[in-house]
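Trainee: Respectively, the protein sequence lines represent chains A and B.
Each residue of the first sequence is one higher than the one before, counting from 1 in the working numbering.
Each residue of the second sequence is one higher than the one before, counting from 1001 in the working numbering.
Beta carbons are placed, not taken as given, at the ideal position from N, Cα and C, and that holds for glycine.
Being a predicted model, the structure only gives us computed values, none of them experimental.
Please see the structure below; I have some questions.
Protein chains: 2
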Amino acid sequence: MALIGVLGGMGPLATVDFMRRVVELTHARCDQEHLPMIVANLAHTPDRRRAILGDDIDPLPALLAGIDLLNRCAVDAIAIPCNTVHHWYPQMRAHSAVPVLHIALASVAALPACIRQAAVLATRGTLVSGFYEAALHARGIDPILPSAAVQRDIDASIDAVKAGEIGTGAARLARALAALKRRGVAVAIMACTEIPIAALPLGDTSMMLIDSTLELARAVVVFAAERGWVRAA
Amino acid sequence: MALIGVLGGMGPLATVDFMRRVVELTHARCDQEHLPMIVANLAHTPDRRRAILGDDIDPLPALLAGIDLLNRCAVDAIAIPCNTVHHWYPQMRAHSAVPVLHIALASVAALPACIRQAAVLATRGTLVSGFYEAALHARGIDPILPSAAVQRDIDASIDAVKAGEIGTGAARLARALAALKRRGVAVAIMACTEIPIAALPLGDTSMMLIDSTLELARAVVVFAAERGWVRAA
Chain A
1 MALIGVLGGM
11 GPLATVDFMR
21 RVVELTHARC
31 DQEHLPMIVA
41 NLAHTPDRRR
51 AILGDDIDPL
61 PALLAGIDLL
71 NRCAVDAIAI
81 PCNTVHHWYP
91 QMRAHSAVPV
101 LHIALASVAA
111 LPACIRQAAV
121 LATRGTLVSG
131 FYEAALHARG
141 IDPILPSAAV
151 QRDIDASIDA
161 VKAGEIGTGA
171 ARLARALAAL
181 KRRGVAVAIM
191 ACTEIPIAAL
201 PLGDTSMMLI
211 DSTLELARAV
221 VVFAAERGWV
231 RAA
Chain B
1001 MALIGVLGGM
1011 GPLATVDFMR
1021 RVVELTHARC
1031 DQEHLPMIVA
1041 NLAHTPDRRR
1051 AILGDDIDPL
1061 PALLAGIDLL
1071 NRCAVDAIAI
1081 PCNTVHHWYP
1091 QMRAHSAVPV
1101 LHIALASVAA
1111 LPACIRQAAV
1121 LATRGTLVSG
1131 FYEAALHARG
1141 IDPILPSAAV
1151 QRDIDASIDA
1161 VKAGEIGTGA
1171 ARLARALAAL
1181 KRRGVAVAIM
1191 ACTEIPIAAL
1201 PLGDTSMMLI
1211 DSTLELARAV
1221 VVFAAERGWV
1231 RAA
């Protein structure tokens, strides 16, 4: 039996959203055709954003403990539905006996070939870390980084979702998207797994929004389908 | 750090629904105030309904392996968001070093004191097992069991949700509820964790519906809050 490991809880609602996406993307007629998963919903992991910005506890020991736990559960691959934590991707990958899928590579790969510019909606930690910029540059795409005012709305939207206040999250995200649209942005990556939850109540935003949670879920189902573990929907 | 173990995947969407409920019932302002969980989403577990009815593989070895896995992950309590599997509750409880919450006891406890009759919407396996009848009788409540025609709609609704066909699940459940209403049923327990997912699109059904997924999630958050692990919302 193949098992997918999920290092989750960052945040918990984003992990739930990710699991739902995996279930929906799997073509299964009964329970037994779904993908078995071990989900370590480690909500207590120290704040990744503040750690990258230099003023909080290092989350790496907790992350490696989570990778160890999943490896001990004999998972065959690991997915991590949190973008910011991919700042420590090299260390987690080196620590794991099994592959760790990369959320930013999955998200950037979802951009159509004709795209030359894409805004990155992410935590300040993710932006300072720079792994989205690197992944976009590798495909010849210019990253557009939000202004300070727009970033304040994005930060507030993320915090609101983490606190379960989806309405506030949606309102702050709507304001950020409106400001980006006025700057001529047509394509944006929701490069934080709280943002798709805030985007859901907005409906059509007349902007191409790449959903990093969905793209990671798709990468997991494709990985599993290629190995004959499930059928993709 | 306290950890809740979840023996899930029966079915996978019901496990996602259960996790969402736990997150929503927790009063948390940031990730770190949420409840850490290890979720063993063991979708491959052999069909519980057919095993109780006597014509399929015994799922007990897979269930006990799941209980072992969660105990090895050092969880402090276990919840199982599947009703039918509680047929094997005594064996799972005896096998676990930590408490296993009981979904039927949590659901029956949610019925208001004045209730004298409640319909049980469940798999044929759960009904044959009889643990809901026993829990209701212990509170002096008469269980109302669906007619053969209504049970066919309930079975079809459950199977549709397990296959991801929520619209079909909702339509078959609506027909079952309408038939029960004609019989004068005013209160029903959704005693299968697929049924609340089918009920969601129906909106107000003018029947008191006890949601076993929600009640198990509430029992987990109350259990954790009583021990100071989280605050209940």
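Between A/Cys192 and chain B, is any beta-carbon pair separated by less than 8 Å?
Mentor: Here residue 192 of chain A refers to the residue found at position 192 of the first sequence. No, because no Cβ of chain B sits closer than 8 Å to the Cβ of A/Cys192.
Trainee: Which residues, in chain order, does the segment 1139–1167 of chain B contribute to contact with chain E at a C-beta distance below 8 Å?
Mentor: The displayed structure is made up of protein chains A and B, and chain E is not among them.
Trainee: Could you tell me which of B/Ala1179, B/Ala1186, B/Val1075 and B/Arg1050 sits nearest to B/Cys1114, measuring between CA atoms?
Mentor: Stepping through the second sequence from its first residue, residue 1114 of chain B is reached at position 114. Nearest option by C-alpha distance: B/Ala1186.
Trainee: Using a Cβ-Cβ cutoff of 9 Å, what residues of the segment 34–45 of chain A are near chain B? List them in chain order.
Mentor: Answer set for the segment 34–45 of chain A: His34, Leu35, Pro36, Met37, Ile38, Val39, Ala40, Asn41, Leu42, Ala43, His44 and Thr45.
Trainee: Mind the definition here: the segment 1034–1049 of chain B touches the segment 1082–1093 of chain B only if three or more C-beta pairs lie below 8 Å; say whether that holds.
Mentor: Contact holds: three or more Cβ-Cβ distances are below 8 Å.
Trainee: If you draw a straight line from the alpha carbon of A/Gly125 to that of A/Gly54, how long is it in whole angstroms?
Mentor: As a working note, residue 125 of chain A is residue 125 in the first sequence. As a working note, residue 54 of chain A is residue 54 in the first sequence. Taking the straight line joining both Cα atoms gives about 10 Å.
Trainee: Name the chain A residues whose beta carbon is nearer than 9 Å to that of B/Gln1032?
Mentor: Along the second sequence, one-based indexing puts residue 1032 of chain B at 32. Going along chain A in sequence order, the residues near B/Gln1032 (Cβ under 9 Å) are Ala43, His44, Thr45, Pro46 and Asp47.
Trainee: For B/Asn1041, collect the residues of the same chain with a Cβ closer than 7 Å to its Cβ; drop the 5 residues on either side in sequence, then sort them by chain order.
Mentor: Translated into positions along the second sequence, residue 1041 of chain B becomes position 41. The answer, listed in chain order, is Gly1008, Gly1009, Pro1012 and Thr1015.
Trainee: Locate the beta strand (DSSP E) running through A/Leu121, then write down its first and last residues.
Mentor: Translated into the one-based positions of the first sequence, residue 121 of chain A becomes position 121. Looking at the DSSP string, the run of the beta strand (DSSP E) that includes A/Leu121 is Gln117 to Leu121.
Trainee: Could you tell me whether the segment 1171–1187 of chain B touches the segment 210–224 of chain A, where touching means 3 or more Cβ pairs closer than 8 Å?
Mentor: Result no; under three Cβ-Cβ pairs closer than 8 Å.
Trainee: For B/Met1019, is the beta carbon positioned less than 7 Å from some heavy atom of the ligand FAD?
Mentor: Within the structure as shown, the ligand FAD is missing, as the structure has no ligands at all.
Trainee: Whose CA, out of B/Leu1121, B/Val1128, B/Pro1143 and B/His1137, lies closest to the CA of B/Val1150?
Mentor: Translated into the one-based positions of the second sequence, residue 1150 of chain B becomes position 150. The shortest Cα separation from B/Val1150 among B/Leu1121, B/Val1128, B/Pro1143 and B/His1137 belongs to B/Leu1121.
Trainee: For the segment 1219–1230 of chain B, which residues have a beta carbon sitting closer than 8 Å to at least one beta carbon of chain A?
Mentor: Those would be none; no residue qualifies.
Trainee: Return the CA-CA distance between A/Ile4 and B/Asp1056, expressed in angstroms with no decimal places.
Mentor: Looking up residue 4 of chain A in the first sequence gives position 4. Looking up residue 1056 of chain B in the second sequence gives position 56. Rounded to whole angstroms, A/Ile4 to B/Asp1056 spans 26 Å at the Cα level.
Trainee: Report yes or no: is there a C-beta of chain B within less than 8 Å of the C-beta of A/Pro99?
Mentor: Residue numbering aside, residue 99 of chain A sits at position 99 when the first sequence is read from its first letter. For A/Pro99, the answer is no, since every Cβ of chain B falls outside 8 Å of its Cβ.
Trainee: According to the Cβ coordinates, are A/His52 and A/Ser129 closer than 8 Å?
Mentor: Sequence index remark: in the first sequence, residue 52 of chain A carries index 52 (1-based). Sequence index remark: in the first sequence, residue 129 of chain A carries index 129 (1-based). Note that residue 52 of chain A corresponds to Ile in the displayed sequence, not to His. Cβ distance < 8 Å, so A/Ile52 and A/Ser129 count as in contact.
Trainee: Tell me where the alpha helix (DSSP H) around B/Asn1041 begins and ends.
Mentor: Here the question's residue 1041 of chain B lines up with position 41 in the second sequence. Here B/Asn1041 belongs to no alpha helix (DSSP H); instead the beta strand (DSSP E) covers Met1037 to Asn1041.
Trainee: Can you tell me where the beta strand (DSSP E) holding B/Ile976 begins and where it ends?
Mentor: Residue coverage of chain B in this structure runs from 1001 to 1233, which leaves residue 976 of chain B outside it and unanswerable.
Trainee: State the start and end residues of the unbroken beta strand (DSSP E) segment that holds B/Pro1143.
Mentor: Counted from its first residue, the second sequence places residue 1143 of chain B at position 143. Asp1142 to Ile1144 is the span of the beta strand (DSSP E), which, as asked, contains B/Pro1143.
Trainee: With a threshold of 8 Å between beta carbons, is A/Gly125 in contact with chain B?
Mentor: For the purposes of this step, residue 125 of chain A is taken as residue 125 along the first sequence, with counting starting at 1. No, because no Cβ of chain B sits closer than 8 Å to the Cβ of A/Gly125.
Trainee: Using alpha carbons as the reference points, say which of A/Leu35, A/Asp211 and A/Arg21 lies closest to A/Arg227.
Mentor: For the purposes of this step, residue 227 of chain A is taken as residue 227 along the first sequence, with counting starting at 1. Nearest option by C-alpha distance: A/Leu35.
Trainee: Please go through the same chain and pick out, in chain order, the residues whose beta-carbon is closer than 6 Å to the beta-carbon of A/Ile67, but skip the five residues on each side of it.
Mentor: The residue given as residue 67 of chain A occupies position 67 in the first sequence. Same-chain partners within the cutoff: Met92, His95 and Ser96.
Trainee: Out of B/Pro1081, B/Ile1038 and B/Ala1077, which one is the CA nearest neighbour of B/Phe1018?
Mentor: Locating residue 1018 of chain B in the second sequence gives position 18, where the first residue counts as 1. Answer by Cα proximity: B/Pro1081.
Trainee: In terms of alpha-carbon separation, which member of A/Leu60, A/Ile166 and A/Ala77 lies closest to A/Met1?
Mentor: Position 1 of the first sequence holds residue 1 of chain A. It is A/Ala77.
Trainee: From this set, B/Ala1138, B/Lys1162, B/Ile1154 and B/Ala1232, which residue's C-alpha is nearest B/Leu1105's C-alpha?
Mentor: As a first step, residue 1105 of chain B must be located in the second sequence, where it is residue number 105. Among B/Ala1138, B/Lys1162, B/Ile1154 and B/Ala1232, the Cα nearest to that of B/Leu1105 is on B/Ala1138.
Trainee: Under 9 Å Cβ-Cβ, which residues of chain B neighbour A/Val187?
Mentor: Looking up residue 187 of chain A in the first sequence gives position 187. What A/Val187 touches in chain B: nothing, since even the nearest Cβ is about 29 Å away.
Trainee: State the Cα-Cα distance for the pair B/Ala1118 and B/Ala1188, rounded to the nearest angstrom.
Mentor: Walking along the second sequence from the start, residue 1118 of chain B turns up at place 118. Walking along the second sequence from the start, residue 1188 of chain B turns up at place 188. Distance between the alpha carbons of B/Ala1118 and B/Ala1188 is about 5 Å.
Trainee: With H, G and I counted as helix, E and B as strand and the rest as coil, what does DSSP make of A/Ala62?
Mentor: What you label residue 62 of chain A is simply residue 62 of the first sequence in a count that begins at 1. DSSP places A/Ala62 in helix when its eight states are reduced to three.
Trainee: State yes or no: is the beta carbon of B/Cys1114 nearer than 8 Å to at least one beta carbon in chain A?
Mentor: Your numbering for residue 1114 of chain B matches position 114 in the second sequence. It does not; no Cβ of chain A falls within 8 Å.
Trainee: Would you kindly report the start and end of the unbroken alpha helix (DSSP H) that includes B/Leu1057?
Mentor: The sequence position of residue 1057 of chain B within the second sequence is 57, counting from 1. The sequence shown places Ile at residue 1057 of chain B, not Leu. Neither: B/Ile1057 is in no alpha helix (DSSP H) and is coded neither H nor E.
Trainee: Helix, strand or coil for B/Val1185, going by three-state DSSP, please let me know.
Mentor: The residue you call residue 1185 of chain B lines up with position 185 of the second sequence. In the structure shown, B/Val1185 sits in coil (DSSP, three-state: anything other than H, G, I, E or B).
Trainee: Taking the beta strand (DSSP E) that A/Leu7 falls in, what are its first and last residues?
Mentor: Here residue 7 of chain A is taken as the residue at index 7 of the first sequence, counted from 1. First-last of the beta strand (DSSP E) with A/Leu7: Ile4 to Gly8.
Trainee: Can you tell me whether A/Gly140 is buried or exposed, with buried defined as 16 or more other CB within 10 angstroms of its CB?
Mentor: The count along the first sequence starts at 1 and reaches residue 140 of chain A at position 140. When all chains shown are included, A/Gly140 counts as exposed.
Trainee: With B/Ala1179 and B/Gly1169 assumed to form a contact (beta carbons below 8 Å), what rounded beta-carbon distance in angstroms separates them?
Mentor: Along the second sequence, read from residue 1 onward, the residue named residue 1179 of chain B stands at position 179. Along the second sequence, read from residue 1 onward, the residue named residue 1169 of chain B stands at position 169. Their Cβ separation, rounded to whole angstroms, is 16 Å, which puts B/Ala1179 and B/Gly1169 out of contact at 8 Å.
Trainee: Using a Cβ cut-off of 8 Å (strictly closer), state whether B/Glu1133 contacts chain A.
Mentor: Working through the second sequence from its first residue, we reach residue 1133 of chain B at position 133. False, the Cβ-Cβ gap to chain A never drops below 8 Å.
Trainee: Using a beta-carbon distance below 8 Å, is B/Arg1029 in contact with chain A?
Mentor: The residue you call residue 1029 of chain B lines up with position 29 of the second sequence. Chain A, which has a Cβ nearer than 8 Å to the Cβ of B/Arg1029, makes this yes.
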